[in-house]
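Participant:
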Amino acid sequence: MSRDGGGAGPPGGRATPRGEGAGRPAGGADPVPVEVTVEGLPGWLEPVAKAAHTVAPEQLSRFLPPPQGGRQAAVLILFGEGARGPELLLMERAGTLRSHAGQPSFPGGALDPEDGDPATYGPLRAALREAREETGLDPSGVQVFSALPRLYIPVSGFVVTPVLGWWREPSPVGAVDPAETARVFTASVADLADPANRSMAVHPSGYKGPAFLVESALVWGFTAGLIDRLLHFAGWEEPWDRGRMVPLDWRA
Numbered sequence: 047m048s049r050d051g052g053g054a055g056p057p058g059g060r061a062t063p064r065g066e067g068a069g070r071p072a073g074g075a076d077p078v079p080v081e082v083t084v085e086g087l088p089g090w091l092e093p094v095a096k097a098a099h100t101v102a103p104e105q106l107s108r109f110l111p112p113p114q115g116g117r118q119a120a121v122l123i124l125f126g127e128g129a130r131g132p133e134l135l136l137m138e139r140a141g142t143l144r145s146h147a148g149q150p151s152f153p154g155g156a157l158d159p160e161d162g163d164p165a166t167y168g169p170l171r172a173a174l175r176e177a178r179e180e181t182g183l184d185p186s187g188v189q190v191f192s193a194l195p196r197l198y199i200p201v202s203g204f205v206v207t208p209v210l211g212w213w214r215e216p217s218p219v220g221a222v223d224p225a226e227t228a229r230v231f232t233a234s235v236a237d238l239a240d241p242a243n244r245s246m247a248v249h250p251s252g253y254k255g256p257a258f259l260v261e262s263a264l265v266w267g268f269t270a271g272l273i274d275r276l277l278h279f280a281g282w283e284e285p286w287d288r289g290r291m292v293p294l295d296w297r298a
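Numbering-wise (our numbering), the sequence shown opens with residue 47 and increments by one.
In structure tokens:
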């Protein structure tokens, strides 16, 4: 999902998906619960897991979900460990798309009915399903360890749950549908935190927000906003020049 917006968890606040070893929801609305646990996480991920349980929506974004309405969606923020240390899985939209062509994003999209209840495990299932459909990721190798507060994206009306995962058993990934996705890649946390790779993106619409130039891609908007906040609350952020601007055009 690559649309501009800012910060929010499962509907109802810090609900069942935020706990460890989540079980079947009351009433059996979701047929197959998604296990959520912090057991066995690498030490470097502990600050992220801790922040996920304490951060408030307004600390992530000024755009909060409306009391009613909005289309439920989810993204998978998947942390792995590569040759250069901690990294994040990203994908780049195809350059031929009419909307946000070439923009990097986390895997994700709208909830489908089969994902289940948006108030419990639906967003978790949606994030894993979309990641599989878009990147070929094997969800069985992903350990879901938390979810951030729900985010609202005014331009699209999406209410997005960012689902946090640990890529416990890496699997091959790549663009499943080239008409939708140009490439799938990982960006190291070290590169994302490097001040030399950071700037502020400025859109003609008036939008201005953090951006990252990594792996020959300019990451901005909704995705960059989440990365910026994760770096900050995990204690990985380094001082960087917020006066460095990167102009965007109307096609972005």
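From the three backbone atoms N, C-alpha and C, an ideal C-beta is built for every residue, glycine too.
Because the structure is a prediction, the values reported are computed rather than measured.
If you reduce the DSSP assignment to three classes, tell me which class R288 lands in.
Facilitator: The answer is coil: DSSP assigns R288 none of H, G, I, E or B.
Participant: Can you tell me the Cβ-Cβ gap for A247 and G255, rounded? I've got them flagged as a contact below 8 Å.
Facilitator: About 6 Å; that satisfies the 8 Å criterion.
Participant: Kindly indicate the opening and closing residues of the alpha helix (DSSP H) around L238.
Facilitator: Unbroken alpha helix (DSSP H) run through L238: 235-239.
Participant: Contact check, R108 vs G203 under 8 Å by CB: the rounded distance?
Facilitator: R108 to G203, Cβ: 16 Å. No contact.
Participant: By Cβ distance below 7 Å, which residues in the same chain neighbour R178 in space, the five residues on each side in sequence not counted?
Facilitator: Once the five neighbours on either side are set aside, the close Cβ partners of R178 are P185.
Participant: Less than 7 Å between the C-beta atoms of A97 and T207, yes or no?
Facilitator: Result no, Cβ atoms of A97 and T207 do not sit closer than 7 Å.
Participant: Whose CA, out of G126, Q149, L110, lies closest to the CA of L194?
Facilitator: Nearest of G126, Q149, L110 to L194, Cα basis: L110.
Participant: Do you know how far the Cα of P88 is from the Cα of G131?
Facilitator: Approximately 11 Å between the Cα atoms of the pair.
Participant: Starting from V94, trace the alpha helix (DSSP H) in both directions and tell me its first and last residue.
Facilitator: Taken as a continuous stretch (DSSP letters only), the alpha helix (DSSP H) holding V94 covers 92-98.
Participant: With a floor of 4 residues, list each alpha helix (DSSP H) that falls wholly inside the stretch 207-284, ordered by position along the chain.
Facilitator: 235-239, 267-279, all fully within the stretch 207-284.
Participant: Please report the straight-line C-alpha distance between V188 and Y198, rounded to a whole angstrom.
Facilitator: If you take the alpha carbons of V188 and Y198, they lie about 25 Å apart.
Participant: Rounded to whole angstroms, how far is the Cβ of A156 from the Cβ of T227, which I believe are closer than 8 Å?
Facilitator: Rounded, the Cβ-Cβ distance is 16 Å, inconsistent with contact.
Participant: Would you mind stating whether S234 and E85 have Cβ atoms separated by less than 7 Å?
Facilitator: No, these two residues do not count as a Cβ contact at 7 Å.
Participant: What is the rounded straight-line gap between the Cα of L294 and the Cα of T232?
Facilitator: For L294 and T232, the distance between alpha carbons rounds to 23 Å.
Participant: Helix, strand or coil: which one does DSSP assign to P150?
Facilitator: P150 falls in the strand class under three-state DSSP.
Participant: Between which two residues does the beta strand (DSSP E) harbouring L124 extend?
Facilitator: Residues 117-128.
Participant: Which residues bound the alpha helix (DSSP H) around E179?
Facilitator: Where E179 is concerned, the enclosing alpha helix (DSSP H) stretches over 168-181.
Participant: Return the bridge partner residues of Q189 from the DSSP annotation.
Facilitator: DSSP, once it has assigned bridges, lists W212 as partnering Q189.
Participant: By the three-class DSSP mapping on this structure, what secondary structure does G162 have?
Facilitator: Residue state, collapsed to three classes: coil.
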